[in-house]
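In my numbering, the protein residues as written are 71 to 222.
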């Protein structure tokens, strides 16, 4: 297996597996596994570095593949439309996608690429802070929203 070289971030190390064509398939938290080929200088690595430097990252980068159902793909595409520094509720996202908030929650929770596909920008009703599937849960979500200037 080839992996994107890991990044040191304020949230801990991040890395990502690459498919046979060199496309990133997910963002993983923690130390990269041993005995794998590490690819340095991948375009997605630069985007992640920009994000943690405070530069808004928009749109899906090239060399990026999301595996999921057609419904999940629609939800993840809608997540990409949430601007840096803004949030939406599950209900608002459901209205955009044409579904129910609970179904949206399942697709958001299945997002394989947190941060790049900004699921942390989705809030509960009345902007209530709700769960986050990445390590650290709500604490990580709060850090990301604070980093983007959404909360102080």
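Beta carbons: idealized from backbone N, C-alpha and C, even for Gly.
Beta strand (DSSP E) segment containing residue i, residue limits
i	result
residue 86	84-88
residue 107	107-109
Contact set for residue i: own chain, Cβ-Cβ below 6 Å, skip 5 residues either direction
i	result
residue 72	88, 107 and 109
residue 200	194
Enclosing alpha helix (DSSP H) for residue i [first to last residue]
i	result
residue 116	113-122
residue 74	Residue 74 -> not in any alpha helix (DSSP H); beta strand (DSSP E) instead, spanning 72-77.
residue 127	It is not in any alpha helix (DSSP H) - residue 127 carries neither H nor E in the DSSP assignment.
residue 155	No alpha helix (DSSP H) contains residue 155, which DSSP labels as neither H nor E.
residue 179	171-179
residue 148	140-149
Local conformation of residue i per DSSP, three classes
i	result
residue 214	helix
residue 198	coil
residue 91	coil
residue 166	helix
residue 187	coil
Cross-strand partners of residue i (DSSP beta bridge)
i	result
residue 221	Partner(s): none; residue 221 has no beta bridge.
residue 98	85
residue 134	94
residue 209	Answer is none; residue 209 lacks a bridge partner.
Residues near residue i by beta carbon distance below 8 Å, same chain, minus five either side
i	result
residue 92	72, 109, 112 and 133
residue 77	83, 84, 85, 115, 118, 119 and 122
Chain B contact for residue i (CB, 8 Å cutoff)
i	result
residue 90	Absence of chain B from the displayed structure is noted, only one protein chain being present.
Spatial neighbours of residue i in its chain, beta-carbon cut-off 7 Å, leaving aside the 5 residues before and after
i	result
residue 204	99, 184 and 210
residue 202	190, 208, 210 and 211
residue 74	85, 86, 88, 94, 109, 112, 114 and 115
residue 103	none
Within 8 Å, do at least three Cβ pairs link the stretch 99-119 to the stretch 182-189? Output reads yes: the stretch 99-119 touches the stretch 182-189.
For the stretch 135-148 against the stretch 166-179, do three or more pairs of beta-carbon atoms, one drawn from each stretch, fall closer than 8 Å, so that the two count as touching? Contact holds: three or more Cβ-Cβ distances are below 8 Å.
So, do the stretch 188-201 and the stretch 156-171 have three or more beta carbon pairs nearer to each other than 8 Å? Contact holds: three or more Cβ-Cβ distances are below 8 Å.
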